[in-house]
Ligand code: SF4
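Here it is as structure tokens:
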């Protein structure tokens, strides 16, 4: 028995959210998979949520893409890969490196991500590789870099056990990161004095056991946390010793003191209660997620939160700190390998000549971009305008999941050459592909992922690859070899890729960067196979742990940065034609566009169809009865949804889940309604701030 196996069970990691729960997999000889929580995994200690525990119901081969296709006709790998490589090479030769792009996904394993990024940035010579993680946590990356100098999550999950106050802001943890929420509830059973505050325009499931709920006006988080910073200063709670390590303190406080708190829509009493609790509780963790990130001022929101923690020195010590939770299983790994258009590998910067040269030398790369590439929304605009002529999409479904999705679908349709790697050919995006490449799925592939608290865990194969499916790293490296870059992509296994990546991270460590796992660069194949969850950094003298308690940051002057940020309303303005604010998000038992979770009848029983939450007074004013069909219109599209009338939502707001798509509910494609408006710093779309009109649906 190896460490990777426990009594014939294979240790792996759940493929859904960024909690990164460990699972024990036990396949049988008929292709079924028994899935249990791994009691030894430090992210979940055996717990699983509804989605994780239903994983075994989602591995059937029904609808799987089992062979490559060219223009809808079954093909073989050689012909398909030759066509991909030839077309990308020809496009490069004719139109230059920025005429091609990769759009990848937080579903990719770190090793897949690493080779995709290496091919695009080091060999094709463009930074046009971006990821669907742009839609979920790009604002956190930008906010971290502004505050800390690097994209560093300061704390760990253990902080949730040790905190006396947990603040959830823009995070329905109970549904979107359920095992972390269960962890908090377990702590509160042992320590009932631990307080929980939820800041959310909706009264979500996370509020059910909260001590305090602040139903702030959608998008007003900066004002709320500026009010807190001003209160911290007023009460003399700035940590003077820690402030020696922080720049921008006075300016940030002066700006915060000028904030108009009425835009939060919260009463003075509620604000005072929250501020009193936060100020009086040193061990405070502020958890944030999509409600903060998916905003035209998402980066400012992140910095409004980090400002409060930096001012009080509540960072990097047990039970305190700002804590972003990632949406996807490997959003964090993608950030680390540089799978975003504005990053180089290992948290190095594309626009820094020294960093570029170091990576170029390490890779022996012939071509490196010196500027950032196109971020997701701009990438698909460029596809629509014809400047991107060859596009490779891996494990994501932008034709329905990007903002203004109908326009994105048209753009992909009009693109000269589209390659899609996926486990099914039945997504809206896959149907638009010139070449479809069948990929191995979760349960069949091997590699690593990183979760929200920097824990690197293995995903392991428990089932054989069906048909002629190949792992993504193999698809990418075989195309790279055919494009003439063979020597740099001659990998035989994910372990080889991981070792190279770990060695490269040592260069980042040499530049004083946080992301350094060079302690893993000499892992043998068997040690990689048996790798247990390991929190980075992992380098000489460093292992896991928290960042910044010592006051040492990764900025050029070594100081943490407080930023003067001010509240800005969402870009789309509520007006007579569109009097509602449309909020979008997840439900408990579905994942993204449901390509996997819809396979489980148990998961579909939670909510069987798409819906629109609206306030009882708004429903009454428009003559919308319980369970009636509602037509929702925005400047970008239209959807028909079942009314869910509830006072959990604020009057004037409506909420719709984003999971149902073209395949399973063509009239309910929510992202077709969302404005393609982005945060100017992070490029993250404002998926929670579009404007809408609603009325009873009348069949034609
Ligand atoms: Fe999977 Fe997230 Fe649920 Fe854990 S909390 S089982 S990682 S979906």
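Residue numbers (our numbering): 518 to 1217.
Quick reminder that beta carbons are idealized off the backbone N, C-alpha and C, glycines included.
Predicted model, so just to flag it, every value in this text is computed and none were measured.
Using 8 Å as the Cβ pair cut-off and three pairs as the minimum, do the stretch 814-823 and the stretch 659-667 touch?
yes
Quick one: does the C-beta of residue 1120 sit closer than 7 Å to a heavy atom of the ligand SF4?
no
Grouping DSSP H, G and I as helix and E and B as strand, with all else coil, what is residue 912?
coil
Just jot down, in chain order, the residues whose CB lies closer than 6 Å to any heavy atom of the ligand SF4.
Listed by position along the chain, the residues with Cβ atoms less than 6 Å from a non-hydrogen atom of the ligand SF4 are 531, 533, 534, 536, 537, 538, 561, 565, 566, 568, 569, 694, 695, 696.
Measure from the alpha carbon of residue 841 to the alpha carbon of each residue in 1026, 677, 531, 541, then state which is nearest.
It is 677.
Taking the DSSP output, what are the residues bridged to residue 1212?
1148
How far does the beta strand (DSSP E) with residue 568 in it reach, from first residue to last?
Counting along the chain, residue 568 falls outside any beta strand (DSSP E), though it belongs to the alpha helix (DSSP H) covering 567-570.
Kindly indicate which residue of 1187, 871, 619, 744 has the alpha-carbon position closest to the one of residue 1207.
1187
Do you know how far the Cα of residue 1115 is from the Cα of residue 1176?
10 Å
Could you please give me the residues that DSSP links to residue 647 through a beta bridge?
620
Measure the alpha-carbon distance for residue 1149 versus residue 1138 and round it to whole angstroms.
15 Å
According to DSSP, is residue 704 part of a helix, a strand, or is it coil?
helix
In this structure, how does DSSP classify residue 998 when only helix, strand and coil are distinguished?
helix
Just to check my reading of the structure: residue 918 and residue 649 have Cβ atoms closer than 8 Å, yes? What is that Cβ distance to the nearest angstrom?
7 Å
Tell me whether the beta-carbon of residue 856 lies closer than 8 Å to the beta-carbon of residue 621.
yes
So, with DSSP's three-state summary, where would you put residue 1064?
coil
Under 8 Å between C-beta atoms, does residue 823 make it to chain D?
No chain D appears in this structure, which consists of one protein chain only.
Find out if the Cβ-Cβ distance for the pair residue 535, residue 849 is shorter than 8 Å.
yes
Give me, in chain order, the residues of the same chain whose beta-carbon lies closer than 6 Å to that of residue 529; leave out the 5 immediate sequence neighbours on both sides.
540, 542, 976, 977
Ends of the alpha helix (DSSP H) at residue 761?
DSSP places residue 761 in no alpha helix (DSSP H); its state is neither H nor E.
Using three-state DSSP, classify residue 751 as helix, strand or coil.
Correct three-state label for residue 751: helix.
So, using beta-carbon positions, are residue 992 and residue 954 closer together than 8 Å?
yes
Alpha carbon to alpha carbon, how far is residue 1105 from residue 724? Give it in angstroms, no decimals.
14 Å
Give a yes or no on whether the C-beta atoms belonging to residue 1010 and residue 584 are separated by under 8 Å.
The beta carbons of residue 1010 and residue 584 sit no closer together than 8 Å.
Quick check on DSSP: helix, strand or coil for residue 730?
Residue 730: strand per DSSP, three-state reduction.
If you compare alpha carbons, which of 1099, 1174, 1061 is closest to residue 1051?
1061
Could you please give me the residues that DSSP links to residue 1178 through a beta bridge?
Per DSSP, none; premise fails for residue 1178.
If you follow the alpha helix (DSSP H) that residue 896 is part of, which residue opens it and which one closes it?
893-902
What residue range is occupied by the uninterrupted beta strand (DSSP E) comprising residue 802?
801-805
In terms of residue numbering, what span does the alpha helix (DSSP H) encompassing residue 850 cover?
848-854
According to DSSP, is residue 1159 helix, strand or coil?
strand
What did DSSP end up calling residue 838 once you bin it into helix, strand or coil?
strand
Rounded to the nearest angstrom, what separates residue 742 and residue 547 at their Cα positions?
55 Å
Quick check on the burial criterion: 16 or more other C-beta atoms within 10 angstroms. Buried or exposed for residue 1119?
exposed
Just to confirm my understanding: we take residue 690, look at its own chain, exclude 5 residues before and 5 after, and list those with CB closer than 6 Å. What are they?
697, 698, 723
For residue 1102, which residues does DSSP report across the bridge?
Bridge partners of residue 1102: 1174.
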